[in-house]
Amino acid sequence: MVRIVGRRVPADDVEEIVHDVFVRAYFGLAQFSGAVSFDRWLAGIAVRTCYDFWRVRKRTELPASALTDDHHRWIERMLSAQSDDQFRDQAQKGEAGEVLEWALRQLSPENRAVLTLVHLDGYSVREAAELLGWSLVNVKVRAHRARQALRRILSHILPGST
Amino acid sequence: MAHHDDDLRRLERVLIESYRSHSDRSNEVVDVTQAVMRTVHHSNGERAWWTPFVVLDQLVWRTATITAAVVLMMTMLLTGDLFRPQSGETQSLFAEELESVPFGD
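As they're listed, the protein sequences go chains A and B. Under this note's numbering, the letters of the first sequence match residues 2 to 163, in that order. Under this note's numbering, the letters of the second sequence match residues 70 to 174, in that order.
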């Protein structure tokens with residue numbers, strides 16, 4: 002549970018969101034039919050609670066700040082990595098997480114939810130649709146669009162892009 | 070262009086790897102048991118307090134609606150009875166009415 006929430010919301014908000022997930026689960030127990038496992042049912046509530054968190058946050062929060070010189074230097078170092086070990090080292094750096102978070106904040110809450118599930122967590126489209134409670138077609142279309150949107154955002158921060 | 074695409078793929082890959090490695094580390098313990106119990110207890114208290122009022126409210130409205138419908142039907146029936154003309158009465162009244170109208174004035 003904490004793992005699902007911890008991947009999706011800022012560290013400071015994890016405790017509050019986990020709390021909300023358990024409260025929602027408690028009051029929604031009557032709707033648990035047993036068609037899916039309890040873990041999966043609870044995971045669905047967690048995913049939807051995080052999605053709601055970003056929907057509210059998107060409306061109230063100021064846009065994410067721009068990347069700093071440190072982030073741009075990290076991108077250059079990462080691109081010039083010669084070996085797999087060097088590449089993996091760059092993935093462990095704090096800048097990697099910050100650049101990803103910066104890019105995800107540019108996406109709509111819907112695109113963010115689908116992209117996180119399908120492209121980052123590696124869930125299938127069907128599993129993502131079950132967790133979000135959306136139709137298969139909707140998730141499939143959104144997954145494609147979200148990936149395109151992310152690529153567009155990232156292409157602007159690559160060296161040499163205008 | 071091909072070089073740019075290659076860079077983009079590398080950037081995507083490193084970000085995904087970063088996300089997954091960070092996820093593996095994010096197994097910290099979060100104890101929200103007390104807070105959840107408090108919220109559930111508080112919400113249940115609120116619900117228990119509200120339930121009789123909601124039931125009473127629904128009861129009052131349903132009773133009022135049914136009573137209004139019955140009164141309306143009774144009124145219509147009574148009104149129909151009062152104004153329904155007796156048999157044979159209509160024609161004579163109509164004739165009297167015609168005779169009483171002055172012509173040529």
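Even for Gly, the Cβ is constructed at its ideal location relative to N, Cα and C. Owing to the predicted nature of the structure, the values given are computational and were not obtained by experimental measurement.
Over the uninterrupted alpha helix (DSSP H) stretch that includes A:L30, give me the two end residues.
No alpha helix (DSSP H) holds A:L30; DSSP gives it neither H nor E.
Interface residues of chain B around A:Q93 at Cβ under 8 Å?
Within 8 Å Cβ-Cβ: S87, S90.
Which residues mark the beginning and the end of the alpha helix (DSSP H) in which A:L118 is found?
Per DSSP, A:L118 belongs to no alpha helix (DSSP H) and is neither H nor E.
What residues from chain A crowd round B:A104, counting only those whose CB sits closer than 7 Å?
Residues of chain A passing the Cβ test: H20.
Ordered along the chain, which non-local residues of its own chain (more than five positions away) have a Cβ less than 8 Å from that of A:A82?
Only F88, D90, Q91 meet the Cβ criterion.
Name the residue from A:A44, A:S38, A:L118 whose alpha carbon lies nearest to the alpha carbon of A:E19.
For the record, residue 19 of chain A in the displayed sequence is Val; it is not Glu. For A:V19, the nearest C-alpha among the options comes from A:A44.
Should the region 13 to 27 of chain A be called in touch with the region 48 to 62 of chain A, which here means at least 3 C-beta pairs below 8 Å?
Touching, yes, given that three or more Cβ pairs across the two stretches are closer than 8 Å.
By Cβ distance below 6 Å, which residues in the same chain neighbour A:I154 in space, the five residues on each side in sequence not counted?
The answer, listed in chain order, is A104, Q107.
Check distances from the C-beta atoms of the region 16 to 44 of chain A to those of chain B and list, in chain order, the residues that come in under 7 Å.
Of all residues in the region 16 to 44 of chain A, E16, V19, H20, F23, V24, Y27 have a Cβ within less than 7 Å of some Cβ in chain B.
What is the rounded straight-line gap between the Cα of B:L80 and the Cα of A:T50?
Those two C-alpha atoms are separated by around 29 Å.
Would B:V109 pass as an interface residue toward chain A - the criterion being a Cβ-Cβ separation below 9 Å?
It does: the Cβ of B:V109 has a partner Cβ on chain A nearer than 9 Å.
Starting from A:M79, follow the alpha helix (DSSP H) in both directions and report where the run begins and ends.
Element bounds for A:M79: 70 to 80.
Can you tell me the Cα-Cα spacing of A:G98 and B:L125, whole angstroms?
Approximately 55 Å between the Cα atoms of the pair.
What did DSSP end up calling A:G98 once you bin it into helix, strand or coil?
Helix at A:G98.
Could you tell me which chain B residues have their CB closer than 9 Å to the CB of A:A150, listed as they occur along the chain?
In chain order: nothing, as chain B lies at least about 13 Å away.
Would you mind working out which of A:Y27, A:S38, A:G95 sits nearest B:E86, comparing C-alpha positions?
Residue A:G95 is the option with its Cα nearest to B:E86.
Which residues in chain A have a C-beta closer than 8 Å to the C-beta of B:V101? List them in chain order.
What B:V101 touches in chain A: E16, V19, H20, F23.
Between the Cα of B:D76 and the Cα atoms of A:P110, A:E77, A:A114, A:H145, which residue gives the shortest distance?
Checked all of A:P110, A:E77, A:A114, A:H145; the closest Cα to B:D76 is A:E77.
Does the Cβ-Cβ distance between A:N112 and A:R152 come in under 9 Å?
Cβ distance not < 9 Å, so A:N112 and A:R152 don't count as in contact.
For the region 118 to 143 of chain B, which residues have a beta carbon sitting closer than 7 Å to at least one beta carbon of chain A?
From the region 118 to 143 of chain B, no residue has a Cβ closer than 7 Å to chain A.
Give the range of the alpha helix (DSSP H) segment to which A:L155 is assigned.
Its alpha helix (DSSP H) spans residues 137 to 156.
For A:L121, count neighbouring C-beta atoms within 10 Å of its own C-beta (all shown protein chains included) and say buried if the count is 16 or more, exposed if not.
When all chains shown are included, A:L121 counts as buried.
Given a cut-off of 9 Å, decide if A:V138 and A:A129 are closer than it, judged by their beta-carbon atoms.
In this structure, A:V138 does not lie closer than 9 Å to A:A129 by Cβ.
Just checking: is the beta-carbon of A:L132 within a distance shorter than 9 Å of some beta-carbon in chain B?
It does not: the Cβ of A:L132 has no partner Cβ on chain B nearer than 9 Å.
Is there a C-beta anywhere in chain B that falls below 9 Å from the one on A:F54?
Judged by the 9 Å Cβ criterion, A:F54 is not in contact with chain B.
Please report the residue range of the alpha helix (DSSP H) in which A:A67 lies.
Segment: none, A:A67 is in no alpha helix (DSSP H) and carries neither H nor E.
Going by DSSP in three states, A:Y124 sits in which element: helix, strand or coil?
If DSSP states are grouped into helix, strand and coil, A:Y124 belongs with coil.
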